[in-house]
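Participant:
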Amino acid sequence: MLNSAPPKKCPRCRGLMIIEATAVTPEKSDAAGKPETHASIWMKLKLDYSQKILQGLAEGDFDRIAQNAEAMQAFNKFESLLRRRPPGYVAQLEMFKDANAELIKQAQRENLDGATLAYTQLTLSCINCHRRLRESHSK
1 MLNSAPPKKC
11 PRCRGLMIIE
21 ATAVTPEKSD
31 AAGKPETHAS
41 IWMKLKLDYS
51 QKILQGLAEG
61 DFDRIAQNAE
71 AMQAFNKFES
81 LLRRRPPGYV
91 AQLEMFKDAN
101 AELIKQAQRE
111 NLDGATLAYT
121 QLTLSCINCH
131 RRLRESHSK
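Counting from 1, one number per residue, gives the positions in the sequence shown under the numbering used here.
(1) Within 10 Å of its beta-carbon, does residue 70 have 16 or more other beta-carbons around it, so buried, or fewer, so exposed?
(2) So the candidates are 122, 123, 127 and 112; which of them puts its Cα closest to the Cα of residue 58?
(3) Give the range of the alpha helix (DSSP H) segment to which residue 98 is assigned.
(4) Helix, strand or coil: how does DSSP classify residue 71 here?
(5) Is residue 111 helix, strand or coil by DSSP?
(6) Below 8 Å, can you find three or more Cβ-Cβ pairs linking the segment 91 to 106 to the segment 124 to 133?
(7) Assuming the contact rule is C-beta atoms closer than 8 Å, residue 53 and residue 68 should be a hit. Round their C-beta distance to whole Å, please.
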């Protein structure tokens with residue numbers, strides 16, 4: 001199993017390791033017995049980063065916030081190259097990238113209110129993107 005803590009020095013390397021790992025991961029089943037797709041495996045990794053960011057916000061741990069946001073930023077660059085692009089995806093991706101960049105900046109400034117707002121915007125971009133993905137699947 002991958003170490004879920006991103007490296008302090010090279011978040012971009014973490015993204016490469018994730019892509020390599022998901023490319024060779026054998027198919028598993030979720031609790032309902034449905035096979036996990038590469039997308040669902042990636043989603044679990046993004047949720048892990050998000051949870052660690054939230055933990056950092058709750059604890060005022062700016063290093064944790066920045067490290068996980070940087071790892072998510074690198075990971076998202078690779079994922080965006082590989083994912084299909086339904087209508088509205090690019091706009092949501094840009095909102096995600098902007099919010100994540102702001103989150104990193106506010107964590108580096110040790111501005112808890114600014115980091116919390118950026119995290120909220122990041123979360124909204126995720127929710128809106130997944131809404132669009134569900135809508136494109138239902139058509």
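Even for Gly, the Cβ is constructed at its ideal location relative to N, Cα and C.
Because the structure is a prediction, the values reported are computed rather than measured.
Facilitator: So, to answer that:
(1) The residue in question, residue 70, is buried, as its Cβ has 16 or more Cβ neighbours within 10 Å.
(2) Residue nearest to residue 58 within the set 122, 123, 127 and 112 is 112 (criterion: CA-CA distance).
(3) 89 to 108
(4) helix
(5) coil
(6) Pairwise C-beta distances place the segment 91 to 106 in contact with the segment 124 to 133, as three or more of them are shorter than 8 Å.
(7) Rounded, the Cβ-Cβ distance is 5 Å, consistent with contact.
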